Amino acid sequence: MTDTTTPTPESLLATYHERRELSVVQPKGNLALVNTQWIDSEQTIYGVPGRWAPLPAGESGLLVTAAASDAITVDGQLVDGTAVVRGKDSDAPGDIDFGDGKTGFVIASEEGNYALRVWDANSEEIQKFGSIDSFDYNPDWVVTAKFTEIPGGKAIGFEHLKDNGKTRDQVVPGEITFTKDGVDYDLAAFKAGRALQLVFADATSGDSTYSVGRFLFVAPNADGTITLDFNRAVLPPCAFSYNFNCPMPPKQNRFAVPIEAGEKQVLQKDGSLLHAE
1 MTDTTTPTPE SLLATYHERR ELSVVQPKGN LALVNTQWID SEQTIYGVPG
51 RWAPLPAGES GLLVTAAASD AITVDGQLVD GTAVVRGKDS DAPGDIDFGD
101 GKTGFVIASE EGNYALRVWD ANSEEIQKFG SIDSFDYNPD WVVTAKFTEI
151 PGGKAIGFEH LKDNGKTRDQ VVPGEITFTK DGVDYDLAAF KAGRALQLVF
201 ADATSGDSTY SVGRFLFVAP NADGTITLDF NRAVLPPCAF SYNFNCPMPP
251 KQNRFAVPIE AGEKQVLQKD GSLLHAE
């Protein structure tokens, strides 16, 4: 007999939470990132073989020099000499395999510099991981807001955790406005693929939740509204690995009230915090 029971918000959130915990321990999940190293001259990179160097200005990626005994493959080909690893800004980004569960790819900065990211499917952080602590489902923080498109979008500067106060412009395609408990909110969410990414902090940040803030991914509805279900708020990648550089909430996305919904902290197997901050 077919079960026609309608899933409850609580059961849907439990499934979402299970999938989140599974995603962060994948070979390229958040807990697997063990190094992000920017390359401005020929150098070695901690934890992996080979020598790595920038390419001429305007070319995407890095140049790796290695012997066959180093067992580095780039795009499936063993490196014995030199090879170009194209960056993620290329139409055909390169893929690196170091063996023993370690992989890598090359990322680009806005200034045109390149870094190697190294992932380890057996990282120490994965071995320590216990769970993602979360609030219970809270219907008070499922908010229907108004989405007002900004023709052409508007660039807003977002600080990043490791950028020493420097901002990076992100395109905000529309205004997200709502009123809750007598307070008017006007939030900025930038494009993230086909969704919008809301980076926010609240009165729980640095107390019961991760200090830097949290993310919420949303999409406008056809009727001009946008649903903000803060029960789906997630911890940023930098809560799992110090090798990420996460955007920080702009002033308008900092709530003075506690949002007791969504993910709280990353915990080790013994229940202690994986990272203190």
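Sequential numbering from 1 applies to the sequence shown in UniProt numbering. Quick reminder that beta carbons are idealized off the backbone N, C-alpha and C, glycines included. The structure presented is a predicted model; accordingly, all values stated were derived computationally and were not measured.
By DSSP's criteria, V48 is part of a beta bridge. Which residues make up the other side?
I45
Output the boundary residues of the alpha helix (DSSP H) element that contains E21.
9-23
As a quick exercise: from M248, A256, P247, Y242, pick the residue whose alpha carbon is nearest that of L31.
Y242
What do you get for K102, buried or exposed, if any count of 16 or more other CB atoms within 10 angstroms of its CB means buried?
buried
Per the DSSP calculation, A201 is bridged to which residue(s)?
Answer is R254, bridged to A201.
Between K191, T177, A261, D270, which lies nearest to G224 when the distance is taken from Cα to Cα?
T177
Could you name the residues that DSSP lists as bridge partners for T5?
Paired residues: none, contrary to the question.
Just checking, does the stretch 46-56 make contact with the stretch 145-164 on the three C-beta pairs under 8 Å criterion?
The count of Cβ pairs closer than 8 Å, one atom from the stretch 46-56 and one from the stretch 145-164, stays below three, leaving the stretches out of contact.
Where does the unbroken alpha helix (DSSP H) through Q127 begin, and where does it stop?
For Q127, the enclosing alpha helix (DSSP H) has its first and last residue at 124-128.
Whole-number beta carbon distance between V212 and F190, since they are thought to touch under 8 Å
Actually they do not touch by this definition, with Cβ atoms about 16 Å apart.
Whole angstroms is fine: what's the gap from V48's alpha carbon to F98's?
7 Å
For a test of the three-state rule: what should DSSP assign to L187, helix, strand or coil?
Note: L187 maps to strand in three-state DSSP.
Let's test the definition: count the other Cβ atoms within 10 Å of the Cβ of D181 and tell me whether it reaches 16, buried, or not, exposed.
exposed
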